[in-house]
Amino acid sequence: MIHSFNPPARTLMGPGPADVHPRVLAALARPTIGHLDPAFVAMMDELKTLLRGAFRTDNALTMPVSAPGSAGMEICFVNLVEPGDTVVVCINGVFGSRMKENVERAGATAVVVEGTWGRAVDPEQVERTLAAHPEARILAFVHAETSTGACSDARALAEIARRHDCLTICDAVTSLGGSPLEVDAWGLDAVYSGSQKCLSCTPGLAPVTFSERALDKVRARTTKVNSWFLDLNLIMGYWSGEQKRSYHHTAPVNALYALHESLVMLTEEGIEQAWARHAHHHQALRAGLEALGLELIVPEAERLPQLNAVAVPAGIDEAEVRTRLLARYNLELGAGLGSLAGKVWRIGLMGYSSRPENILLCLGALGTELGALGHQTDTDAALAAARAVLLGTD
Ligand SMILES: Cc1ncc(COP(=O)(O)O)c(C=O)c1O
């Protein structure tokens, strides 16, 4: 006999999903109404306004795609890239490689700017590549590389792209709500994100925003978009403000209530205050990790506050530590991906997970278990270092 599923209560400090705020969980449980109900349509309009605030844009086409962050990536590529196009793709971790895959599946040529894992994309390398490929029409890059914890300079990359007459596709899955992102001020064209990271919402929705320049390229296509579900021309009929909404797909009604609530919370906190909270908590975690003798792999100036990739000390089995943390403390940390597998832990401080109690739990549990495995650590010193940052007495 299979019974109802009751998940264990975990603290999520991996690469996402992050802890979901109780207000967001409560919003999910509200009664389902029809997705063309006038009350729902009014909520959709609010959702678009709230998303524009989070992305810092006036772009009319700003909406959540009814699918995870990967669909946010895909909607940008299938609509903006046509067969025969050349797209410059920056790869400095797992998600840049997925962008390249998207370009090739769209029948275009990907010119890769090969970066170093754990480092930001190098703007000079991008400049040289775009100069060598005047036929390129798009520059694609990941703002916050979740696989390594590196933050690239999206403003500089957008500026270079504009000078070379290229549109930008920017992955902001991990940056939205967690670190500064200015879609309009930086001149980004197509930006996608995910609901499950710094927005404190459940997984499964992909906020996206498109500039008029990006939409002009979509309108000028000579070939049909090679996906029915993700064709912007059709989706706009459902999400656009002016005309009567037409049926496209059945919206994930309750999930959209949840996103609405998480964005209301972000507005209440203030986006700049949310960025500052992530930065402050990162400093507390960093101080504690350093007191434990652990090192972050990304150079300080290129670090994301919300994703901390920590080198696993020699002689320690990283999976064993994560297993102990989950079993004994209900605490989830992330493993390394790709070339960093087995070499790092990824500690997320995203959205509702970015709280003082999580930092102290993580440092206490990690220090205790490393000590139990024979690694010399001073857990009390780590907790004191983090507390000093949290209290502002460092
Ligand atoms: C930078 C980045 N891009 C894209 C994705 C894909 O998002 P999803 O897993 O929601 O499909 C993720 C997920 O972790 C991510 O971190």
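Take 590 as the starting number for the sequence shown in this note's numbering and just add one per residue.
Ideal Cβ positions, reconstructed from N, Cα and C, are used throughout, including at glycine.
Since the structure is predicted, the reported quantities are computational estimates derived from the model, not experimental observations.
{"query": "Using a threshold of 8 Å, is the CB atom of R687 nearer than that to any non-hydrogen atom of ligand 1?", "result": "yes"}
{"query": "Taking 8 Å as the cut-off, is the beta-carbon of D760 closer than that to any non-hydrogen atom of ligand 1?", "result": "yes"}
{"query": "Could you name the residues of the same chain whose beta carbon sits closer than 8 Å to that of N897, not counting the 5 residues immediately before and after it, in chain order?", "result": "G738, H871, L874, R875, L878, L885, R935, I936, G937, L938"}
{"query": "Does at least one heavy atom of ligand 1 sit under 8 Å from the Cβ of P657?", "result": "yes"}
{"query": "Tell me, please, whether the stretch 802 to 818 touches the stretch 675 to 684 by the rule of three or more beta-carbon pairs shorter than 8 Å.", "result": "no"}
{"query": "Evaluate S928 with the Cβ neighbour count: other Cβ atoms within 10 Å of its Cβ, from every protein chain shown; 16 or more gives buried, anything less gives exposed.", "result": "exposed"}
{"query": "Just reading off the beta strand (DSSP E) that C759 is part of, what are its end residues?", "result": "756 to 760"}
{"query": "Should Q895 be labelled buried (16 or more other beta-carbon atoms within 10 Å of its own) or exposed?", "result": "buried"}
{"query": "Is E921 near ligand 1, judged by its Cβ being under 8 Å from some heavy atom?", "result": "no"}
{"query": "Any heavy atom of ligand 1 within a distance shorter than 8 Å of the CB on Q785?", "result": "yes"}
{"query": "Is S736 near ligand 1, judged by its Cβ being under 8 Å from some heavy atom?", "result": "yes"}
{"query": "Below 8 Å on the Cβ atoms is my guess for V692 versus A725; work out the distance and round it to an integer in Å.", "result": "The pair is not a contact, with the Cβ atoms about 11 Å apart (cut-off 8 Å)."}
{"query": "For the structure I just gave you, are there three or more beta carbon pairs, one from the stretch 611 to 629 and one from the stretch 847 to 859, closer than 8 Å?", "result": "yes"}
{"query": "Return the bridge partner residues of M854 from the DSSP annotation.", "result": "Beta-bridge pairing links M854 to no other residue."}
{"query": "By the DSSP assignment, the beta strand (DSSP E) with P653 in it spans what residues?", "result": "650 to 654"}
{"query": "For H732 versus A761, is the C-beta distance shorter than 9 Å?", "result": "yes"}
{"query": "Indicate the three-state DSSP secondary structure (helix, strand or coil) for L893 in the structure shown.", "result": "coil"}
{"query": "If you draw a straight line from the alpha carbon of T753 to that of N843, how long is it in whole angstroms?", "result": "It should be pointed out that residue 753 corresponds to His in this sequence rather than to Thr. The alpha-carbon atoms of H753 and N843 are separated by roughly 43 Å."}
{"query": "May I ask you to report which of helix, strand or coil DSSP gives C740?", "result": "strand"}
{"query": "At a cut-off of 8 Å, is P627 close to ligand 1 when judged by its beta-carbon and the heavy atoms of the ligand?", "result": "no"}
{"query": "Can you tell which of Y941, T651, P653 has the C-alpha that lies nearest to the C-alpha of E858?", "result": "Y941"}
{"query": "Short check: CB of A656 to CB of L765, under 9 Å?", "result": "no"}
{"query": "Which residues bound the alpha helix (DSSP H) around R612?", "result": "611 to 617"}
{"query": "Among residues of its own chain, excluding the 5 on either side of E716, which ones have a beta-carbon nearer than 6 Å to its beta-carbon?", "result": "I749"}
{"query": "Since V609 and C790 should fall inside the 8 Å C-beta cutoff, what is the C-beta to C-beta distance between them, to a whole number of angstroms?", "result": "6 Å"}
{"query": "Between which two residues does the beta strand (DSSP E) carrying T675 extend?", "result": "675 to 680"}
{"query": "Assuming I936 is part of the beta strand (DSSP E), what are its boundary residues?", "result": "933 to 937"}
{"query": "Roughly how many angstroms separate the alpha carbons of V978 and L926, rounded to a whole number?", "result": "30 Å"}
{"query": "Pop quiz: H710 and V702 are said to be a contact at Cβ under 8 Å. What is the actual Cβ separation, rounded to whole angstroms?", "result": "According to the sequence shown, residue 710 is Val rather than His. Contact flag correct, Cβ pair sits at about 7 Å."}
{"query": "Going by Cα to Cα distance, which pick from L770, T718, C755, A970 is closest to C740?", "result": "L770"}
{"query": "Among residues of its own chain, excluding the 5 on either side of L639, which ones have a beta-carbon nearer than 6 Å to its beta-carbon?", "result": "L852"}
{"query": "What does the alpha-carbon distance come out to for the pair A865 and L972?", "result": "21 Å"}
{"query": "According to DSSP, is A795 helix, strand or coil?", "result": "strand"}
{"query": "Which two residues bound the contiguous beta strand (DSSP E) that contains F730?", "result": "727 to 731"}
{"query": "Return the residue from the list G793, H837, P945 that minimises the CA-CA distance to L617.", "result": "G793"}
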